[in-house]
Structure formats: C-alpha cells, structure tokens
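Line by line, the protein sequences give chains W and B. The numbers in this note's numbering rise by one with no breaks, and the one at position 181 of the first sequence is 181. Going from the second sequence to this note's numbering is simple: count from 1 and add 189. Each residue gets a CB set at the ideal place from its N, CA and C atoms; glycine is no exception. Please read these numbers as outputs of a predicted model, since none were measured by experiment.
Number of protein chains: 2
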Amino acid sequence: MKSETRKDEIINTAAKLFKDKGYSAVTMRDLATAMGIKAASLYNHINSKQDILKEIIIDIAEAFTNGMSIIIASEVSNISKLKQVVALHVNITASNTNGMASLNNDWMHLEDQLDYYLKLRNEYENNFLKIIEEGISTAEIKQTNAEVIMFSMLSTLRSLYLWIPKKEDLNADDLANNLSEVLIEGINV
Amino acid sequence: MKSETRKDEIINTAAKLFKDKGYSAVTMRDLATAMGIKAASLYNHINSKQDILKEIIIDIAEAFTNGMSIIIASEVSNISKLKQVVALHVNITASNTNGMASLNNDWMHLEDQLDYYLKLRNEYENNFLKIIEEGISTAEIKQTNAEVIMFSMLSTLRSLYLWIPKKEDLNADDLANNLSEVLIEGINV
DNA sequence: GTCTATAACACGATAGAC
DNA sequence: GTCTATCGTGTTATAGAC
Numbered sequence: 001m002k003s004e005t006r007k008d009e010i011i012n013t014a015a016k017l018f019k020d021k022g023y024s025a026v027t028m029r030d031l032a033t034a035m036g037i038k039a040a041s042l043y044n045h046i047n048s049k050q051d052i053l054k055e056i057i058i059d060i061a062e063a064f065t066n067g068m069s070i071i072i073a074s075e076v077s078n079i080s081k082l083k084q085v086v087a088l089h090v091n092i093t094a095s096n097t098n099g100m101a102s103l104n105n106d107w108m109h110l111e112d113q114l115d116y117y118l119k120l121r122n123e124y125e126n127n128f129l130k131i132i133e134e135g136i137s138t139a140e141i142k143q144t145n146a147e148v149i150m151f152s153m154l155s156t157l158r159s160l161y162l163w164i165p166k167k168e169d170l171n172a173d174d175l176a177n178n179l180s181e182v183l184i185e186g187i188n189v
Numbered sequence: 190m191k192s193e194t195r196k197d198e199i200i201n202t203a204a205k206l207f208k209d210k211g212y213s214a215v216t217m218r219d220l221a222t223a224m225g226i227k228a229a230s231l232y233n234h235i236n237s238k239q240d241i242l243k244e245i246i247i248d249i250a251e252a253f254t255n256g257m258s259i260i261i262a263s264e265v266s267n268i269s270k271l272k273q274v275v276a277l278h279v280n281i282t283a284s285n286t287n288g289m290a291s292l293n294n295d296w297m298h299l300e301d302q303l304d305y306y307l308k309l310r311n312e313y314e315n316n317f318l319k320i321i322e323e324g325i326s327t328a329e330i331k332q333t334n335a336e337v338i339m340f341s342m343l344s345t346l347r348s349l350y351l352w353i354p355k356k357e358d359l360n361a362d363d364l365a366n367n368l369s370e371v372l373i374e375g376i377n378v
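#1: Beta-carbon separation of residue 186 (chain W) and residue 193 (chain B) under 9 Å?
#2: Would you kindly work out how many angstroms separate the C-alpha atoms of residue 254 (chain B) and residue 303 (chain B), rounded to a whole number?
#3: Thinking C-beta only, is residue 212 (chain B) closer than 9 Å to residue 286 (chain B)?
#4: Thinking C-beta only, is residue 335 (chain B) closer than 9 Å to residue 353 (chain B)?
#5: Measure the alpha-carbon distance for residue 54 (chain W) versus residue 214 (chain B) and round it to whole angstroms.
#6: Which residues of chain W have a Cβ atom closer than 7 Å to the Cβ of residue 211 (chain B), listed in chain order?
#7: Give the interface partners of residue 375 (chain B) over in chain W, defined as CB-CB distance under 7 Å, in chain order.
#8: Cβ atoms of residue 128 (chain W) and residue 68 (chain W): under 9 Å apart, would you say?
#9: Please state if the CB of residue 281 (chain B) and the CB of residue 241 (chain B) are separated by a distance shorter than 9 Å.
#10: Hey, does residue 144 (chain W) have any beta-carbon neighbour from chain B nearer than 9 Å?
#11: Just by C-beta distance, which residues in the region 337 to 348 of chain B are closer than 9 Å to chain W?
#12: Taking only beta-carbon atoms, is residue 298 (chain B) less than 9 Å away from chain W?
#13: Grab me the residues of residue 20 (chain W)'s own chain with a C-beta within less than 6 Å of its C-beta, minus the 5 sequence neighbours each way, in chain order.
#14: Check whether the Cβ of residue 311 (chain B) lies closer than 9 Å to any Cβ atom in chain W.
#15: To the nearest whole angstrom, what separates the beta carbons of residue 182 (chain W) and residue 337 (chain B), a pair I think is in contact under 8 Å?
#16: Measure the CB-CB distance between residue 364 (chain B) and residue 355 (chain B) and report whether it falls below 9 Å.
#17: Please confirm whether residue 380 (chain B) and residue 217 (chain B) have their CB atoms less than 9 Å apart.
#18: Got a sec: which bits of the region 96 to 108 of chain W sit with their beta carbon under 7 Å from any beta carbon on chain B, in order along the chain?
#19: Please classify residue 297 (chain B) as buried or exposed, where buried requires at least 16 other C-beta atoms within 10 Å of its C-beta.
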C-alpha cells in the first residue's frame with residue numbers, strides 16, 4: 001500500500017467536506033482549517049479548487065466505466081450481469097464513500113471535464129439499459145418498462161454512499177446479495 | 190386557482206435555479222436576472238436568500254408529514270400502505286419537481302429551520318419503517334432486512350424529481366402503479 | 001511546506017430616489 | 001415595485017519571506 005501524499009490527503013479531506021455541504025459551500029479556508037494549515041498553503045499541492053473536484057469525480061467515473069465494460073463482456077445471464085452491477089456499485093462506494101457524494105451531487109460544477117463526465121455517464125446508462133432490455137427479450141425479466149427498472153435500480157445504487165457508512169458492521173458481499181434480492185426478486189411473498 | 194404573487198414567482202424561479210446548481214451556487218444576482226429585475230428589487234418581496242430556501246423546503250416536508258399520517262391511520266394491508274406511500278411521493282413530486290431537488294439536496298443549508306426539518310424527516314422514516322416491519326410480521330412481506338427495503342424504496346422515491354420531468358407524457362397514476370409493481374413485486378419472472 | 005499580506009473580484013443585503 | 005449606488009464581508013488565488 002503506497003503511502004498517502006500530501007495532495008491525496010487534501011483531496012480526501014475535501015471529499016469529506018464536500019459530502020457534508022457540497023462543493024460550492026466549502027471554502028478553501030474550510031479545507032485548510034480541516035487540514036490544520038492556512039489556505040494559501042494548499043496551493044503548493046493543488047492548482048485550484050476546481051482541480052480537486054475533477055480529481056475526485058473523474059477517477060470514480062472511470063472506475064464505473066471500466067467495471068461496466070468487464071460486465072458486459074462476460075458470458076453470463078442478464079440477471080447475473082445485473083447482480084454484478086449491484087456488486088460494482090457496492091464495492092466502489094464502500095471504497096470511496098465521500099467521493100461518491102461529489103460524483104452524485106457536484107458533477108454539474110465540473111468545468112473543463114463536464115463534457116467528458118457526461119459522456120461516461122451516458123455510456124454507462126446505455127449499457128445498463130441494454131442489459132435490462134436483453135433480459136426482457138430473453139424472458140429472464142418481466143415484461144415491464146425497462147427504463148422504470150433502470151431508474152429504480154440506479155436510484156438505489158446511487159444513494160448507497162448515504163447508507164453504507166451507517167452500516168459499518170455489514171460485509172460488502174452480504175450487502176450486495178441482500179440488495180440484489182430486494183431489487184430483483186421484490187419484497188412480497 | 191389563486192393567482193401567483195410576485196413572491197411566489199421568485200420562490201418558484203429560485204427553486205428552478207437551485208435544482209440545476211444547488212442553493213449555494215445560485216446568487217441573488219442570478220435569481221434577479223432570471224426574474225428580469227435587479228438583485229436589490231428582490232428584497233421588496235423576500236427577506237433573505239435563506240428565507241427562500243425555507244419556504245421551498247418546509248412546505249414540502251409538511252406535505253409529506255400530512256400525507257404519511259393519513260396513510261398510517263388507514264385500515265388497509267401494509268402492502269396497500271406502501272403503495273399509498275409510492276403514490277404520495279409521485280403526486281408531491283409531480284406537483285413540485287423543482288422544490289423536491291432543494292428538499293433532497295439543500296436541506297443542510299437550512300439555518301433556523303434545520304432542526305424542525307430533521308424532526309419531520311425522522312418521524313417520516315420511522316413511520317415508513319414501521320409499515321415495512323408490520324408487513325413482515327404479518328407475512329405480507331418477505332423475511333428480509335426491513336431497513337434495506339426502506340432504503341431501496343426511499344432512494345427511488347427521492348430520485349423521482351430527476352425522472353418525472355423527462356416523462357411528461359406519463360400519467361401520475363400509471364407511474365405510481367408501475368413503480369409499485371417494480372418495487373414490491375420485483376423484476377424477475 | 002507553510003507562512004503573512006494582499007490583489008481582484010463576487011457575495012448578500014441596505015439606503016434612498018423615483 | 002424597481003432602480004442606482006454602495007457597504008461590509010467573504011472568496012479564490014498569487015507573491016514573496018522563511
């Protein structure tokens with residue numbers, strides 16, 4: 001495990017603050033205070049506040065893209081692919097809870113990288129929808145509105161960052177299995 | 190239908206802007222420009238930026254509280270109550286899409302009313318959870334983790350504000366039924 | 001790597017004219 | 001009800017000493 005650089009410390013501290021108040025409401029002074037230094041000293045390690053946001057979001061967005069490309073290439077049932085998608089979200093969120101808050105809530109404050117982020121997100125959602133549509137066409141999944149299914153699953157998966165920290169005791173695999181069951185098999189007897 | 194006052198216009202315009210960029214990133218000058226007036230003129234109708242946020246959020250939060258108290262008092266099955274909760278979210282969100290964004294994303298920027306908002310939210314979630322737990326104890330609902338079920342349903346329902354505007358053609362009742370089916374009966378055959 | 005000092009500008013809000 | 005002008009403060013970021 002490579003040791004955390006000063007820059008990494010700043011980015012991780014920023015992600016924590018962004019989670020609580022959002023990118024726009026966190027000042028460089030807030031961040032400096034949380035680091036125990038003065039605001040001007042931050043600029044010895046990072047170029048701008050915007051750069052911090054970019055590093056937080058783009059890293060995670062690319063992790064989702066990479067994970068999805070492995071899933072769609074795998075030769076399993078579409079239901080299995082959906083379960084892998086659930087596990088992908090659980091794993092990424094568990095390893096970077098604070099960053100997920102910025103990805104979900106502050107992506108619109110990206111400047112130079114906004115178009116790139118939106119491109120990755122659109123591709124991700126298209127792949128997700130395709131899995132559901134193929135599942136319906138092979139009769140693995142009920143003949144329902146595919147977009148409603150994706151919306152529902154994705155809403156839950158995107159909210160995981162709020163929930164995982166409260167359940168520290170819960171194992172990531174257990175949570176992924178539990179969630180898969182609720183999302184795929186429903187809740188009624 | 191009572192005609193919209195100038196104050197209402199300001200609040201509705203603010204809600205639209207808050208939805209896109211968040212409370213902190215929207216300036217009073219942004220809001221004034223969107224209204225076609227100067228920033229100073231806003232203060233003839235509202236007391237502060239904070240007051241606008243309060244009016245947006247508290248109204249909606251109280252609507253949820255009122256809706257929930259009717260649902261828990263009704264003498265129907267717990268599954269029926271859950272379907273009523275889904276319909277409550279669809280209806281409130283459909284009638285105030287922009288305000289729902291502030292409720293979800295900017296509640297932490299409430300000042301004087303923060304404690305009151307959190308009290309309403311906690312009570313709401315406790316009632317929601319109780320319906321699920323009673324449904325499990327009466328064997329209407331599978332023996333699963335009740336909190337996982339609530340988390341999943343609530344995540345989807347809270348994200349409706351992002352989705353309803355894209356589906357203008359969809360009837361609110363149809364959406365509520367469709368969502369209830371996906372959330373309660375699951376997606377697999 | 002951190003500091004003090006400060007530039008350059010944006011912010012919420014008010015005063016008072018019309 | 002809207003305007004112009006402005007106050008006091010907070011903002012990101014830079015310069016240069018240590």
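Once the coordinates are examined:
#1: no
#2: 16 Å
#3: no
#4: no
#5: 17 Å
#6: 22, 24
#7: 184, 185, 186
#8: yes
#9: no
#10: yes
#11: 337, 338, 340, 341, 342, 343, 344, 345, 346, 347, 348
#12: yes
#13: none
#14: no
#15: 6 Å
#16: no
#17: Nothing can be reported for residue 380 (chain B), as the shown portion of chain B is limited to 190 through 378.
#18: 105, 108
#19: exposed
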